[in-house]
Amino acid sequence: MWNYSEKVMDHFLNPRNVGEIVAADGVGEVGNIVCGDAMKLYIKLSADKQHIDQVGFQTFGCASAIASASALTEMLRGKSLAEAAALTNQDIAHYLGELPEEKMHCSVMGMEAFQAAMHDIRKKHPELNLPGGENDLTGEDRIVCQCFSISERKIKEVVQQNHLTTVEHVTHYCKAGGGCGGCKGEIQSILDKLNGSAAAASPAAARPAPGAPLTNLQKMKLVQETFDEVIRPGLMKDGGDAELVDIDGDTVYVRLQGRCASCPSATQTLKHWVEAKLRELVSTALAVEEVKG
Amino acid sequence: MTNEIVYVDNNATTCVAPEVFAAMQPFLTEYYGNPSSVYPFSGPAAKAIEQARVSLAALVGATTEEIIFTSCGSESDSTAIMSALATQAGRRKILTTMVEHPAVLNVCRNLQKQGIHVDYLRVDSQGRIDLDEARALISSDTALVTVMFANNEIGNLYPVWELAEMAHAKGALFHTDAVQAVGKIPINLSGSAIDFLSLSGHKLHAPKGIGALYRRRFVPFAPFLAGGHQEHGQRAGTENVAGIAALGKAAELAQQHLAAEAVQLAALRDRLQAGLLASCPDAMVNGDLQHRLPNTLNICFKYIEGEAILLRLYQAGKICASSGSACTTGSLEPSHVLRAMGLDYQALHGSIRFSFSRYNTDQDVELILAVMPGIVKALRELSPFGRN
């Protein structure tokens, strides 16, 4: 069972500021029903548009998601926009007397909803000239975790604000990596970059640098290794599997089994995922061919 | 304190029956001797084990030499699966289902890493498997077919008798995880094709830490734990005498109560089911209503989340139930069983399981029915979904 603080239970059982605000200056909606939590935040500004006058919320989710949303609304009420912009998910957790680590993503969802609402305020009130807000989908706003739609920016933010060091932590704080697990390698690289850990610390360092020319033997060995250590474990997590049938030049022949039943964005086919992993970890020249039956 | 609790989570674990507690106590106090020792002081311990074996064998229609005591259901599952592979070196395939308990599922996934081919039978929207699909997937390479007797989450009963025959027709062995079934429905293994059956004490009012494996006579066997000669060399480790005596007593009680209990539990369950469906809009029962354990109700409430429902149930009346929602487990994925059934995500996260035992009463059902509509309404008022 979860060890929720009294304050979490209080905000869960007696949530403050519940409901829609019809003439809101900003509405932020994050999460979705597939992921298991979602939140809608409504903000109404004061007449001079400098302060947050009213806040309302609706949440689908567990006790800590409801409590985080309720706490956020209490914290936002009466704040100036500049004061509000300085809040972090840590502030929500502190306000609630801390959350279980696995539930930190609930506080992050609160902050995301607030950021989305601010984005909406910027759009509705360009005359206020509020700073920030550009989204760059090719850069840091690129989605890293497809299962839970988590961007690189979001991952960097939770890592920096919460001083995270492991992929598991990142999953606890923003869910990234908690679905099919296919992005765990990428999350690790983001962590490595941010925490400045030398690439030499990872076992992958023993491999030739990606892009370095490989002999046929090296390539075959690397493909086999990547297959056994990364690809099959990744697929097996969801009851799937794959068999390495043959390697001919730069073409890798693979037989896929099972299905990625849990991943909501299953349209991204297994073949593409396998190919992307092989290209990332072995050689960008590789192509995957599926062997049927 | 426990008197105030309304415990309707008996598929998770059960209370130790007072008679069971009384039966195990002497082996924790005066008769602490090692049953393998030669002096008469150890006699009562050795005798208790054999008595328990008789009671348990009687409950499932087995002979005493077919019962091996283990530490839990998981150990029994692992023992059966590993033994089937070890004794049939030429066969490298396992057939199971997508809705097994992790005690089987995760063993199979580990075996896949070692090169064992595992097929997972799919289920339909009511959680039923297709016997034709099973038949097509069993071949002369199949070492083991392992399909649960009853599902822990939705209570579905699976056609294990037919599957066992099917496995034998191709020379494969058959195992069933019957942890949820033993003590809840009659099981008679005599003359059946089931080779291995796992059960666990704490699901039938014995304590945690004791289980058993039924191994049909003459079926080849490789022990999972090597070491001493206990359990006729089939399971090493000094016997958990108190636990075994408890399981024996629990089996005896189960057999005594079985017929009446099935009627009583089904009545409680059906009343709760009808009451909840009548009082809570957008609720839906999960599972195979025709083939279901008498004690289990899995019901989902759309647009709201399971953990929130559970905590409100506890707040409202110390009601203890469980959920297939992701948030209750610490994993981010909701129940693999409900997902395999293809349940709508709007329903998936709001699934609640109520599971009864002989200690539940009409008052328990009344209390749940009194508080549930209010909880559902309150949480839906918070939810951004499901509004028109």
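Line by line, the protein sequences give chains B and E.
At position 3 of the first sequence the residue is numbered 2 (numbering that gives the first Met the number 0), and the sequence of numbers has no breaks.
At position 352 of the second sequence the residue is numbered 351 (numbering that gives the first Met the number 0), and the sequence of numbers has no breaks.
All residues carry an ideal CB built from backbone N, CA and C; glycine is no exception.
#1: Please classify residue 293/B: is it buried, with 16 or more other beta-carbons within 10 angstroms of its beta-carbon, or exposed?
#2: Does the count of Cβ pairs from the stretch 78 to 97 of chain B and the stretch 18 to 26 of chain B closer than 8 Å reach three?
#3: Compute the distance between the beta-carbons of residue 200/E and residue 246/E, then report whether it is under 9 Å.
#4: Hey, would you say residue 35/B sits closer than 9 Å to residue 324/E, going by beta carbons?
#5: If we require 4 or more residues per run, which alpha helix (DSSP H) segments fall completely within the stretch 88 to 123 of chain E?
#6: Is it the case that the Cβ atoms of residue 38/B and residue 27/B are separated by a distance below 9 Å?
#7: Step through the CB atoms of chain B and report whether any lies within less than 9 Å of the CB of residue 373/E.
#8: Assign residue 30/E to one of two classes, buried (16 or more other C-beta atoms within 10 Å of its C-beta) or exposed (fewer than that).
#9: I want to see whether chain D comes within less than 9 Å of residue 101/E, judged by CB atoms only; does it?
#10: Does any residue of chain B have a CB that is nearer than 9 Å to the CB of residue 108/E?
#11: Taking 9 Å as the threshold (beta carbon to beta carbon), is residue 166/B in contact with chain E?
#12: For chain B, find out if any of its Cβ atoms is closer than 9 Å to the Cβ of residue 80/E; answer yes or no.
#13: I'd like to know whether the C-beta of residue 135/E is nearer than 9 Å to at least one C-beta of chain B.
#14: From the beta carbon of residue 103/B, is the nearest beta carbon of chain E less than 9 Å away?
#15: Using a Cβ-Cβ distance cut-off of 9 Å, determine whether residue 77/E contacts chain B.
#16: Can you have a look at residue 301/E and say buried or exposed, based on whether 16 or more other CB atoms are within 10 angstroms of its CB?
#17: Whose C-beta lies closer than 7 Å to the C-beta of residue 55/E among residues of the same chain, with five residues either side of it excluded?
#18: So with Cβ pairs under 9 Å, would you call residue 380/E a contact of chain B?
#19: When the cut-off is 9 Å and only beta carbons count, does residue 74/B lie next to chain E?
#20: Assign residue 183/B to one of three DSSP states: helix, strand, or coil.
#21: Mind checking whether residue 374/E and residue 271/E have CB atoms under 9 Å apart?
#22: Determine the extent of the beta strand (DSSP E) in which residue 297/E is found, giving its start and end residues.
#23: Curious, which full-length alpha helix (DSSP H) runs of at least 4 residues does the stretch 30 to 82 of chain E contain?
#24: Indicate the three-state DSSP secondary structure (helix, strand or coil) for residue 387/E in the structure shown.
#25: Take residue 112/B as the anchor and find which of 40/B, 3/B and 70/B has the nearest alpha-carbon.
#26: With a threshold of 16 other CB atoms inside 10 Å of the CB of residue 157/B, please say whether the residue is buried or exposed.
#27: Would you mind giving the Cβ-Cβ distance between residue 292/E and residue 184/E, rounded to the nearest angstrom? I have them listed as a contact below 8 Å.
#28: Excluding five sequence neighbours on each side, which residues of the same chain lie with their C-beta closer than 7 Å to the C-beta of residue 244/B?
#29: Determine whether the Cβ of residue 305/E lies closer than 9 Å to any Cβ atom of chain B.
#30: In whole angstroms, give me the CA-to-CA distance for residue 201/B and residue 120/B.
#31: For the 8 Å Cβ check, are there 3 or more pairs between the stretch 272 to 283 of chain E and the stretch 223 to 239 of chain E?
#32: Do the stretch 299 to 315 of chain E and the stretch 342 to 357 of chain E touch if we need at least three Cβ pairs shorter than 8 Å?
#33: For a contact defined as C-beta to C-beta under 7 Å, what are the partners of residue 314/E on chain B?
#34: Check for me: the alpha helix (DSSP H) holding residue 122/B runs from which residue to which?
#35: Give a yes or no on whether the minimum CB-CB distance between residue 18/B and chain E is below 9 Å.
#36: Which whole-angstrom value describes the C-beta separation of residue 92/E and residue 142/E, a residue pair presumed to lie in contact below a C-beta threshold of 8 Å?
In brief:
#1: Here chain B has residues from 0 to 292 only, and residue 293/B is not among them.
#2: Contact between the stretch 78 to 97 of chain B and the stretch 18 to 26 of chain B is absent: fewer than three C-beta pairs spanning the two stretches fall below 8 Å.
#3: The beta carbons of residue 200/E and residue 246/E sit closer together than 9 Å.
#4: Yes, Cβ-Cβ distance for residue 35/B and residue 324/E is below 9 Å.
#5: You should have 101 to 112.
#6: Yes, Cβ-Cβ distance for residue 38/B and residue 27/B is below 9 Å.
#7: Not one beta carbon of chain B lies nearer than 9 Å to the beta carbon of residue 373/E.
#8: Counting C-beta atoms within 10 angstroms of its own C-beta, residue 30/E has 16 or more neighbours from the protein chains shown and is therefore classed as buried.
#9: Among the chains of the structure shown, chain D does not appear; the protein chains present are B and E.
#10: Taking a beta-carbon distance threshold of 9 Å, residue 108/E counts as an interface residue toward chain B.
#11: Not an interface residue.
#12: When Cβ-Cβ separations below 9 Å define contact, residue 80/E makes no contact with chain B.
#13: No, no contact with chain B.
#14: With 9 Å as the cut-off, residue 103/B does not count as an interface residue toward chain E.
#15: Taking Cβ atoms only, chain B never reaches closer than 9 Å to residue 77/E, which makes this a no.
#16: Counting other Cβ atoms within 10 Å of its Cβ, residue 301/E reaches 16 or more and is therefore classed as buried.
#17: The residues are 66, 211, 246, 247 and 250.
#18: Output row for residue 380/E: interface = yes.
#19: It does not: the Cβ of residue 74/B has no partner Cβ on chain E nearer than 9 Å.
#20: Three-state result, residue 183/B: helix.
#21: Between residue 374/E and residue 271/E, the C-beta gap is not smaller than 9 Å, which leaves the two residues out of contact.
#22: The continuous beta strand (DSSP E) containing residue 297/E extends over residues 295 to 300.
#23: Runs of the alpha helix (DSSP H) lying entirely within the stretch 30 to 82 of chain E, each at least 4 residues long, are 42 to 59 in chain order.
#24: For residue 387/E, the predicted model reports a pLDDT of 39, less than 50, meaning its position is unreliable; a value from the coordinates is still stated below. Three-state result, residue 387/E: coil.
#25: Residue 40/B is the option with its Cα nearest to residue 112/B.
#26: Buried, because 16 or more other Cβ atoms sit within 10 Å of the Cβ of residue 157/B.
#27: The Cβ separation is near 7 Å, so the contact holds.
#28: When the five nearest sequence neighbours on each side are left out, the beta carbons in the same chain lying within less than 7 Å of the beta carbon of residue 244/B are those of 252, 253, 254 and 290, in order along the chain.
#29: It does: the Cβ of residue 305/E has a partner Cβ on chain B nearer than 9 Å.
#30: Residue placement at residue 201/B is poorly supported in this model, since its pLDDT is 43, which falls under 50; the coordinates are not used for a value here.
#31: No, the stretch 272 to 283 of chain E does not touch the stretch 223 to 239 of chain E.
#32: The stretch 299 to 315 of chain E and the stretch 342 to 357 of chain E touch, with no fewer than 3 CB-CB distances between them shorter than 8 Å.
#33: The contacting residues are 12.
#34: Taken as a continuous stretch (DSSP letters only), the alpha helix (DSSP H) holding residue 122/B covers 103 to 123.
#35: With a threshold of 9 Å between beta carbons, residue 18/B makes contact with chain E.
#36: At roughly 6 Å, the Cβ-Cβ gap stays under 8 Å, so residue 92/E and residue 142/E are in contact.
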